[in-house]
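**Q**
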Amino acid sequence: MIRTRSHNDNRSVMNTDAFDKRRFQEIFEMSRGLQKIAGEAALPTFEPLLADIWASLYKMKPEIKSVDVESVLEVNKSLMERIMADEYFEIYRSYTRLDDLSSAICTVKFGEKINQWLLDQKVQDEDLQQQMREIHTMQRQLQKQERQEWGGDGNQKLDDEFIQAMAKLNKKLQQNLLYNSHSFSQAMARAMQETKQVKVGLKSLLGGSIAGSGDADLKKIPLSDQLSLAEKIASDKKMKEIADWAGRFKQIARKKQKSKHSESMERRGVTLGNDIERLLPMEFGLYTHSITKNDFLRRFVEGQTMQYEQKGREVLERGPIVFCLDQSGSMNKLDTQSKGFILALMSIARKQRRDFCLVLFSTRTQIYKYEKGKIKGSDMVSLARTFLGGGTNFALPLDEAMNIINESRFKQADLVFVTDGEDQVRDSFLEAFNIKKQEKDFNVLSLVIGCNTNFVAQFSDKVVQVKDFNDEGSFTAFEI
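One gets the working numbering by counting positions in the sequence shown from 1 and adding 12 to each.
1. For the putative contact between leucine 457 and valine 428, defined by C-beta atoms under 8 Å, what is the C-beta separation to the nearest angstrom?
2. So, under 8 Å CB-CB, leucine 218 and valine 87 are touching, yes? Tell me the CB distance rounded to an integer number of Å.
3. For asparagine 482, tell me which candidate among Arg44, Gln470, Gly352, Phe406 has the shortest Cα-Cα distance.
4. Which residue wins for smallest C-alpha separation from glycine 315, given the options Asn286, Phe406, Trp257?
5. For phenylalanine 296, does the count of other Cβ atoms within 10 angstroms reach 16, so buried, or fall short, so exposed?
6. Considering only the alpha carbon of each residue, which of Gln263, Asp473, Ser240 lies closest to isoleucine 360?
7. Let me make sure I understand the geometry here. Which of Gln133, Ala255, Gly462 has the alpha-carbon closest to that of leucine 181?
8. Counting only the same chain and skipping the five closest in sequence on each side, list residues whose C-beta sits under 8 Å from that of serine 115.
9. With glutamine 378 as the anchor, note down where its beta strand (DSSP E) starts and where it stops.
10. Based on the DSSP secondary-structure assignment, which residues constitute the bridge partners of phenylalanine 36?
11. Does DSSP put tyrosine 320 in a helix, in a strand, or in coil?
12. For the beta strand (DSSP E) containing valine 79, name the first residue and the last one.
13. Below 6 Å CB to CB, which residues in the same chain sit around alanine 246 once its five sequence neighbours on both sides are set aside?
14. If you count every other CB in all the chains shown that lies within 10 Å of the CB of isoleucine 416, and 16 or more means buried, which is it?
15. What are the start and end residues of the alpha helix (DSSP H) that includes leucine 113?
16. What is the rounded straight-line gap between the Cα of phenylalanine 335 and the Cα of leucine 459?
17. In angstroms with no decimal places, state the Cα-to-Cα distance between arginine 34 and methionine 42.
18. Give the C-beta separation of valine 120 and leucine 241 to the nearest angstrom, bearing in mind that I take them to be a contact with Cβ-Cβ under 8 Å.
19. Return the chain-ordered list of same chain residues with a C-beta closer than 8 Å to the C-beta of alanine 177, the five sequence neighbours on each side being excluded.
20. Tell me whether aspartate 98 sits in a helix, a strand or coil according to DSSP, three-state version.
21. My output table needs one value for lysine 48: the three-state DSSP class, helix, strand or coil.
22. Which word fits phenylalanine 31, buried or exposed, when buried means at least 16 other C-beta atoms lie within 10 angstroms of its C-beta?
23. Going by CA-CA distance only, name the one from Tyr299, Asn464, Leu230, Leu410 that's closest to asparagine 455.
24. Going by alpha carbons, who is nearest to tryptophan 257 out of Met204, Arg94, Phe58, Thr348?
25. Looking only at its chain, what residues have a beta carbon closer than 6 Å to the beta carbon of glutamine 339, apart from the 5 residues adjacent to it on each side?
26. May I ask you to report which of helix, strand or coil DSSP gives valine 87?
27. Evaluate contact between the stretch 418–428 and the stretch 381–391, counting only Cβ atoms and requiring at least three cross-stretch pairs below 8 Å.
28. In the DSSP assignment, what residue or residues form a beta bridge with asparagine 455?
29. Beta-carbon of glutamate 82 versus every beta-carbon of chain C: anything under 8 Å?
30. Around the C-beta of arginine 365, are 16 or more other C-beta atoms found within 10 angstroms, so that it is buried, or is it exposed?
31. Which value, in whole angstroms, describes the spacing of the CA atoms of glutamate 326 and lysine 363?
32. Tell me which residue opens and which closes the alpha helix (DSSP H) that valine 25 is part of.
33. So, are the CB atoms of asparagine 188 and leucine 140 less than 8 Å apart?
34. Would you call proline 234 buried or exposed, if buried means 16 or more other Cβ atoms sit within 10 Å of its Cβ?
35. Which whole-angstrom value is the C-beta distance of tyrosine 406 and valine 437, which I expect to be below 8 Å?
36. Measure from the alpha carbon of methionine 200 to the alpha carbon of each residue in Asp98, Gln470, Glu491, then state which is nearest.
Shown next as structure tokens:
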């Protein structure tokens, strides 16, 4: 009996072993994208094809079997031969080889593009359309008989007819691959480009505040969460825009934090080393003199030249970073920008090992707390979908911020307040708020988007008027 589609289907035209089959099965169960493609595919053998695509991208030395290929898988073999014969395929593999995430994303993208290419061919070719229609009819009959556990000669006859139909389809498909080779290559190239874009977006969302740490940060996150978020970026325009903004803002935040760190360094005595920027003037004098130059070079190589010792000012544990974000109706146009900005601030909190608290407000509030600035992929998706709407009330978020800061056992919290609106706060509330600010030693930075700053000035230590989150003034928040 031919099993035309099954989660446990380990049939392959590649040199896959038990590990490869088991690993793909695990990835298949994690990936809704792979499951969706397999369920909607133009070919009845598409799930084992996906497994073979994954193996060709992931394995060190993938090869197509020359013998022992099931008759119904000849179509898959033709497709895999075309994929692996592409002039750019080895370049693609340099990006995916032994990389769980990249190979999984690329398999989804290749699967989508190949399935679409097959559907396009079917529309353009009536014979191919008729053949595929007949094959799907046979497939449904086989599945029905399999469920009912029918047997006998009638069942074998249908098996034989299905095999013959698949052989006929393979011949037709080989012709289409030959005559439409360019469009197939273009589909693969688009799949690879989209894979890279998704990976970049994922790094932007989940990466930290240290340059080049994206891959290392991703490895700390379960593959299932990575795949889930990657598929959201690939299918949700809003998630992609948030990722783009997060990448830009994190890059700016890194520069702001690096500048701040450099300014906090102090020279405290002399030590030995080979940091050119910190060498004592006398060492430069020894380098320029012909008699002492060789001795200087020897000591420099060995790290024995004299240089200033630099130490950062002592950093005590600090309170949380609290971000109060106006989500009244007028802020909707800046929603993706604001979410990217939040993630950049969160990366600073993660680096400084400080709790990050987000207070969304309009005429109500919604609070999110992220310990040490860490956020899960599922929380990120939830945040992306959240927008309150409504009017503006300043007292609500400020009251919540005070409660959050009061709960912390550390002082020196930072409160960033962002609004594009105006609201009058009672004098009694302002008095209590400012007293609490002195007690807990926290600062309030307010970013006011295109409106009067007088209202927020009453409770802020610093007010910056900006056009949007991409305004230079907004980046002051990254200096906390």
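Heads up, the beta-carbon is just placed ideally off N, CA and C, and yes, glycines get one too.
Since the structure is predicted, the reported quantities are computational estimates derived from the model, not experimental observations.
**A** Based on what the coordinates show:
1. Valine 428 and leucine 457 do touch by the CB rule: their CB atoms are close to 5 Å apart, below 8 Å.
2. For leucine 218 against valine 87, the beta-carbon gap comes to about 38 Å, at or over 8 Å, which does not count as contact.
3. Ranking Arg44, Gln470, Gly352, Phe406 by Cα distance to asparagine 482 puts Gly352 first.
4. A check of alpha carbon separations from glycine 315 across Asn286, Phe406, Trp257 identifies Asn286 as the nearest.
5. It counts as exposed.
6. When each option's Cα is compared against that of isoleucine 360, the closest is Gln263.
7. Considering only alpha carbons, the answer is Gln133.
8. Trp66, Leu69, Tyr70, Thr108, Arg109.
9. Here the beta strand (DSSP E) through glutamine 378 covers 377–382.
10. Partner residues in a beta bridge of phenylalanine 36, as assigned by DSSP, do not exist.
11. Annotated three-state conformation of tyrosine 320 is strand, per DSSP.
12. Unbroken run through valine 79: none, as it is neither H nor E.
13. Closer than 6 Å at Cβ, skipping near neighbours: Val210.
14. By the Cβ neighbour-count rule, isoleucine 416 is buried, with 16 or more other Cβ atoms within 10 Å of its own.
15. Its alpha helix (DSSP H) spans residues 112–136.
16. For the pair phenylalanine 335 and leucine 459, the Cα-to-Cα distance works out to about 11 Å.
17. Arginine 34 and methionine 42 have their C-alpha atoms spaced approximately 13 Å apart.
18. No, valine 120 and leucine 241 are not in contact; Cβ-Cβ is about 13 Å, not under 8 Å.
19. Counting only residues of its own chain and dropping the five nearest sequence neighbours on each side, alanine 177 has a CB closer than 8 Å to the CB of Gln143, Glu146, Ile147, Met150.
20. DSSP places aspartate 98 in coil when its eight states are reduced to three.
21. If DSSP states are grouped into helix, strand and coil, lysine 48 belongs with the helices.
22. It counts as exposed.
23. Of Tyr299, Asn464, Leu230, Leu410, the residue nearest in Cα terms is Leu410.
24. Of the listed residues, the one whose Cα sits closest to tryptophan 257 is Thr348.
25. Sequence-distant Cβ neighbours of glutamine 339 in its own chain, meaning closer than 6 Å and more than five residues away, are Leu372, Ser374, Phe399, Leu400.
26. Reduced to three states, the DSSP call for valine 87 is helix.
27. Short answer: they don't touch.
28. Asparagine 455 is bridged to Asp426.
29. This model lacks chain C altogether; it includes just one protein chain.
30. For arginine 365, the number of other beta carbons within 10 angstroms of its own is below 16, and it is reported as exposed.
31. A caution first: glutamate 326 carries a pLDDT of 39, below 50, which makes its placement in the model unreliable, though a value can still be read off. In a straight line, the C-alpha of glutamate 326 is about 16 Å away from that of lysine 363.
32. It is not in any alpha helix (DSSP H) - valine 25 carries neither H nor E in the DSSP assignment.
33. The answer is yes: Cβ separation under 8 Å.
34. Proline 234 comes out exposed.
35. Here residue 406 is phenylalanine; the residue named in the question, tyrosine, does not match the sequence. The Cβ separation is near 5 Å, so the contact holds.
36. When each option's Cα is compared against that of methionine 200, the closest is Asp98.
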